[in-house]
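Peer 1:
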Amino acid sequence: MTLTQQDISREIEGERKDYLTHRLAAGEVRHHPARDYAPYRSSALRHPLHPPVTVHDPEAVELSGPVFGVTDVTETDADLTLAHAGEPLGERITVTGRVLDRAGRPVRGQLVELWQANAAGRYAHLRDQHPAPLDPNFTGFGRCLTDDRGAYAFTTVKPGAYPWRNHDNAWRPAHIHFSLFGTAFTQRLVTQMYFPGDPLFAYDPILQSVTDDVARERLVAAYDHDLSTPERSLGYRWDIVLDGPAATWIEEGR
-5 MTLTQQDISR EIEGERKDYL THRLAAGEVR HHPARDYAPY RSSALRHPLH
45 PPVTVHDPEA VELSGPVFGV TDVTETDADL TLAHAGEPLG ERITVTGRVL
95 DRAGRPVRGQ LVELWQANAA GRYAHLRDQH PAPLDPNFTG FGRCLTDDRG
145 AYAFTTVKPG AYPWRNHDNA WRPAHIHFSL FGTAFTQRLV TQMYFPGDPL
195 FAYDPILQSV TDDVARERLV AAYDHDLSTP ERSLGYRWDI VLDGPAATWI
245 EEGR
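Take -5 as the starting number for the sequence shown in the working numbering and just add one per residue.
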């Protein structure tokens, strides 16, 4: 049986009603997606099979990470439009914000990495077989370090939507993947940033797996005209909270 968007949308609505009727009404605010969110079919193959365990010795956790590479981070690493000889195709954008802890304090010297599809909605790796054109002037990876205010900034192109195989005619809204290590293993974060007003939001089981409305809205960047560069790029602002009740959603899968 081929799953349709209508099938998935019904499941999404069922999960949402369950959250609003039972969990939220009982005081359970879910900031992160369930490990086995049914509308996101491949989560059944990716999520841990056993519940989390209590770590009694926090120092033992630090022995397993984070582990950084040996290559220095340079200023040009944060401009994805400069990685090749020519200009990449697409709408140039600036994405900036602050990395904060649960108390709203800046997380300084933080390694922030991002990766994304190109303007046509295709990633520059072999597993992506989407028949959209590759851009020889766009690799889709960047990184930077946060400053004393916890601020980061990237220049890139707005990624395109792309199809995936969750169900028939499934499309992912435009998004950028972010990876942060934090100051401790407990602040490790891999997540996604979305763009305001995307019509695909309601159809996407990955975004909708964040069933709490407020938590889901925190994944959407805000357009900021003051960040736009004349004749160069449009500006988006997106703050990232590493832990606590206002933490940015952690990505469970794709």
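By construction, the Cβ of each residue, glycine as well, lies at the ideal position given by its N, Cα and C atoms. The structure presented is a predicted model; accordingly, all values stated were derived computationally and were not measured.
With a threshold of 16 other CB atoms inside 10 Å of the CB of Leu174, please say whether the residue is buried or exposed.
Peer 2: Answer is buried; the Cβ neighbour count reaches 16.
Peer 1: What does the alpha-carbon distance come out to for the pair Pro193 and Ala168?
Peer 2: If you take the alpha carbons of Pro193 and Ala168, they lie about 10 Å apart.
Peer 1: Tell me the start and end of each unbroken beta strand (DSSP E) in the region 109 to 172 that is at least 3 residues and wholly inside, in chain order.
Peer 2: Segments of the beta strand (DSSP E) lying fully in the region 109 to 172: 135 to 139, 145 to 151, 156 to 158 and 164 to 166.
Peer 1: Beta-carbon within less than 6 Å of Gly229's beta-carbon, same chain only, minus the 5 sequence neighbours each way: which residues are those?
Peer 2: So the list reads Thr88, Asp218, Leu221 and Ser222, once near-sequence residues are dropped.
Peer 1: Have a look at the DSSP bridge pairing and note the partners of Leu94.
Peer 2: Beta-bridge pairing links Leu94 to Pro100 and Val235.
Peer 1: Using DSSP with H/G/I as helix, E/B as strand and the rest coil, what is Ala209?
Peer 2: It is helical.
Peer 1: Would you call the CB atoms of Thr(-2) and Asp162 closer than 8 Å?
Peer 2: Taking 8 Å as the Cβ cut-off, Thr(-2) and Asp162 qualify as a contacting pair.
Peer 1: For Ser37, name the three-state secondary structure that DSSP assigns.
Peer 2: Residue state, collapsed to three classes: helix.
Peer 1: For His25 versus Ala215, is the C-beta spacing smaller than 8 Å?
Peer 2: The answer is no: Cβ separation not under 8 Å.
Peer 1: Determine the burial state of Glu5: buried for a count of at least 16 other Cβ atoms within 10 Å of its Cβ, exposed for fewer.
Peer 2: Flag for Glu5 reads buried.
Peer 1: Could you say which of Ser3, His171, Arg102 and Arg137 lies nearest to Ala72 if we only look at CA atoms?
Peer 2: If we check each option's Cα against that of Ala72, Arg137 comes out closest.
Peer 1: So, Phe172 versus Leu108, is the Cβ gap smaller than 8 Å?
Peer 2: Against a cut-off of 8 Å, the Cβ pair of Leu108 and Phe172 comes out as a contact.
Peer 1: Grab me the residues of Val67's own chain with a C-beta within less than 8 Å of its C-beta, minus the 5 sequence neighbours each way, in chain order.
Peer 2: So the qualifying residues of the chain are Leu105, Arg137, Cys138 and Leu139.
Peer 1: Find out if the Cβ-Cβ distance for the pair Tyr156, His124 is shorter than 8 Å.
Peer 2: Yes, these two residues count as a Cβ contact at 8 Å.
Peer 1: Pull up the distance between the alpha-carbon of Arg248 and that of Arg29, whole angstroms please.
Peer 2: Low confidence applies here, because Arg248 scores a pLDDT of 44, under 50, leaving its location unreliable and the question unanswered by this model.
Peer 1: Using DSSP with H/G/I as helix, E/B as strand and the rest coil, what is Glu22?
Peer 2: Coil.
Peer 1: Between which two residues does the alpha helix (DSSP H) containing Leu201 stretch?
Peer 2: Pro199 to Gln202 is the span of the alpha helix (DSSP H), which, as asked, contains Leu201.
Peer 1: Find the nearest neighbour of Glu85 within the set Leu236, Ser227 and Ala241, judged by alpha-carbon distance.
Peer 2: Here the closest residue by C-alpha is Ser227.
Peer 1: Confirm, please, whether the CB-CB distance from Asn112 to Gly250 is below 8 Å.
Peer 2: Nothing can be reported for residue 250: it is not among the residues displayed for the chain, which extend from -5 to 248.
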